[in-house]
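*Asks:*
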Amino acid sequence: MNDAAPADPVVPAGRREIVRDSLGVGVATGAYGVSFGAVAVASGLDVLQACALSLLMFTGASQFAMVGVLASGGTPSAGAATALLLGTRNTLYGLRLAPLLGYRGWHRVGAAHLLIDESTAMSVSRPTREAARTGFLWTGGSIFVLWNLATLAGAIAGEAIGDPRDYGVDAAVGAAFLALLWPRLDRPLHRVVAVLAAAVALGVVPFTAAGVPVLVAAGVALLAGVLTRRSPAPRSGAGPGGATP
Amino acid sequence: MTWAAIVVGALGCYLLKLSGLAVPPRVLDHPVVSRVADLIPVALLAALVAVQVVATDDQGLTLDARALALGAAVVLLLLRAPFLLVVFGAALVAALARLL
Numbered sequence: 006m007n008d009a010a011p012a013d014p015v016v017p018a019g020r021r022e023i024v025r026d027s028l029g030v031g032v033a034t035g036a037y038g039v040s041f042g043a044v045a046v047a048s049g050l051d052v053l054q055a056c057a058l059s060l061l062m063f064t065g066a067s068q069f070a071m072v073g074v075l076a077s078g079g080t081p082s083a084g085a086a087t088a089l090l091l092g093t094r095n096t097l098y099g100l101r102l103a104p105l106l107g108y109r110g111w112h113r114v115g116a117a118h119l120l121i122d123e124s125t126a127m128s129v130s131r132p133t134r135e136a137a138r139t140g141f142l143w144t145g146g147s148i149f150v151l152w153n154l155a156t157l158a159g160a161i162a163g164e165a166i167g168d169p170r171d172y173g174v175d176a177a178v179g180a181a182f183l184a185l186l187w188p189r190l191d192r193p194l195h196r197v198v199a200v201l202a203a204a205v206a207l208g209v210v211p212f213t214a215a216g217v218p219v220l221v222a223a224g225v226a227l228l229a230g231v232l233t234r235r236s237p238a239p240r241s242g243a244g245p246g247g248a249t250p
Numbered sequence: 028m029t030w031a032a033i034v035v036g037a038l039g040c041y042l043l044k045l046s047g048l049a050v051p052p053r054v055l056d057h058p059v060v061s062r063v064a065d066l067i068p069v070a071l072l073a074a075l076v077a078v079q080v081v082a083t084d085d086q087g088l089t090l091d092a093r094a095l096a097l098g099a100a101v102v103l104l105l106l107r108a109p110f111l112l113v114v115f116g117a118a119l120v121a122a123l124a125r126l127l
């Protein structure tokens, strides 16, 4: 997502525009809960479990990771560990948004559940707390409602069609991960890390239980993060969108 | 066991979100920490793509309809297709490849 802030006029977007944009993102993102529901059922979860993940975990990449690991024969704990590792980026979003949103007490407890990629992107660049909260709540809220409805629809449809392999649903999981990865490949370092992580994961596939290769690949991120410390790395202060075109 | 993983994973993901909003920024806002955290999704998603597409259930590696489907996904992403089209387009390609 490109941050167009510098080119914007001084007048901040009005509440109505923010709500409209947030709902647009909400509809687009919420709809792909259909694919999560279908993929989850194809991975061996039942409809209730698929819906529980969308309702309780509510962070798309972690949910896809969890069912992806289960689908490839990994243990539930390997699936949960992968989901948690992917969920760590939400912590960083929270750190960035906390002073802007300024939620306290129970409001914070509730708002935390809506803290995801899209709600962050739609609030982090707002000039005022009011505008940031509007973008955050409308984006997060509309995605939450639609994502859960879409998951239910996808899971029921997935259960109705029989053997998911006949419909290529298993292949759709890789495409879903790639689509989630794609916008992050905007920097050379990220591309290098992606290729190395994929290679490391495949390298250990023959020697480890399913689900473990993905966790091992996280080590590539750790190494790259530590080793690039002194090099002229991309500015870590860049928000979603960053400075690279 | 699956239910336990769902509950633990969901609770953990929620606490990760809450801690970001609740913890004083300086605790985690170290350059290395933020860079690693930035790279973890990249590494994990890339690894998930690879394993999902190339690994087999018996710990082998193979190129089959799934790889073809991933190629289709790449083309769709290059064409800036929306997420749903990428996912279901890839599924369609895999399904067609298995029919042939």
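These protein sequence lines are chains A and B, in that order.
Quick note, the first sequence lines up with residues 6 to 250 if you use the working numbering.
Quick note, the second sequence lines up with residues 28 to 127 if you use the working numbering.
Think of the CB as a built atom: it goes at the ideal place given N, C-alpha and C, for glycine as much as any other residue.
Mind checking if Val-120/B is an interface residue toward chain A, Cβ cutoff 8 Å exclusive?
*Replies:* yes
*Asks:* Take Leu-91/A and list the residues in its own chain whose beta-carbon comes closer than 8 Å to its own, dropping the five residues that flank it on each side.
*Replies:* Cβ neighbours of Leu-91/A beyond the five flanking positions: Thr-64, Ala-66, Ser-67, Ala-70.
*Asks:* Looking at the C-beta of Phe-141/A, does it have a partner C-beta in chain B at a distance below 8 Å?
*Replies:* no
*Asks:* Between Leu-88/B and the ligand MG, is there a pair consisting of the residue's CB and a ligand heavy atom that are separated by less than 7 Å?
*Replies:* In the structure shown, the ligand MG is absent, as is every other ligand, since no ligand is present at all.
*Asks:* Just to make sure I have the definition right: I need the residues of chain B whose C-beta is within less than 8 Å of the C-beta of Trp-187/A. Which are they?
*Replies:* Those are Leu-104, listed as they occur along chain B.
*Asks:* Just tell me which of Leu-53/A, Arg-170/A, Leu-186/A, Ala-43/A has its CA closest to the CA of Asp-65/B.
*Replies:* Leu-186/A
*Asks:* The alpha helix (DSSP H) with Phe-110/B in it runs from where to where?
*Replies:* 110-126
*Asks:* Select from Ile-166/A, Val-209/A, Pro-132/A the residue whose C-alpha is nearest the C-alpha of Ala-43/A.
*Replies:* Of the candidates Ile-166/A, Val-209/A, Pro-132/A, the residue whose Cα lies closest to the Cα of Ala-43/A is Ile-166/A.
*Asks:* Contact defined as beta carbons within less than 8 Å: I believe Trp-143/A pairs with Ser-59/A. What is the distance between those atoms, to the nearest angstrom?
*Replies:* Not a contact, Cβ separation roughly 19 Å.
*Asks:* So, helix, strand or coil for Ala-158/A, using DSSP?
*Replies:* helix
*Asks:* At a CB-CB cut-off below 8 Å, which residues of chain A make contact with Leu-111/B?
*Replies:* Residues of chain A passing the Cβ test: Ala-36, Tyr-37, Val-39, Ser-40.
*Asks:* Does the Cβ of Gly-230/A have 16 or more other Cβ atoms within 10 Å, making it buried, or fewer, making it exposed?
*Replies:* buried
*Asks:* Using only CA atoms, which one of Ala-76/A, Leu-53/A, Gly-29/A lies nearest to Asp-85/B?
*Replies:* Ala-76/A
*Asks:* Between the C-alpha atoms of Gly-247/A and Ala-108/B, what's the straight-line distance to the nearest angstrom?
*Replies:* Interpretation of Gly-247/A is limited by its pLDDT of 32, a score under 50 that renders its predicted location unreliable; no figure is taken from the coordinates.
*Asks:* At a Cβ threshold of 8 Å, is Leu-43/B touching chain A?
*Replies:* yes
*Asks:* Taking only three categories from DSSP, how would you classify Leu-88/B?
*Replies:* strand
*Asks:* Would you call Val-113/B buried or exposed, if buried means 16 or more other Cβ atoms sit within 10 Å of its Cβ?
*Replies:* Buried, because 16 or more other Cβ atoms sit within 10 Å of the Cβ of Val-113/B.
*Asks:* For His-144/B, is the classification buried or exposed, using 16 other Cβ atoms within 10 angstroms of its Cβ as the cut-off for buried?
*Replies:* Since the first residue of chain B shown is 28 and the last is 127, residue 144/B is not available in this structure.
*Asks:* For the alpha helix (DSSP H) that Arg-101/A lies in, which residues bound it at each end?
*Replies:* 81-106
*Asks:* Looking only at its chain, what residues have a beta carbon closer than 7 Å to the beta carbon of Val-225/A, apart from the 5 residues adjacent to it on each side?
*Replies:* Val-198, Leu-201, Ala-202, Val-205
*Asks:* Measure from the alpha carbon of Leu-119/B to the alpha carbon of each residue in Ala-181/A, Ala-177/A, Ala-215/A, Val-210/A, then state which is nearest.
*Replies:* Ala-177/A
*Asks:* How would you write the range of the alpha helix (DSSP H) that Ala-73/B sits in, first residue to last?
*Replies:* 58-81
*Asks:* For Ser-48/A, which of helix, strand or coil comes out of DSSP?
*Replies:* coil
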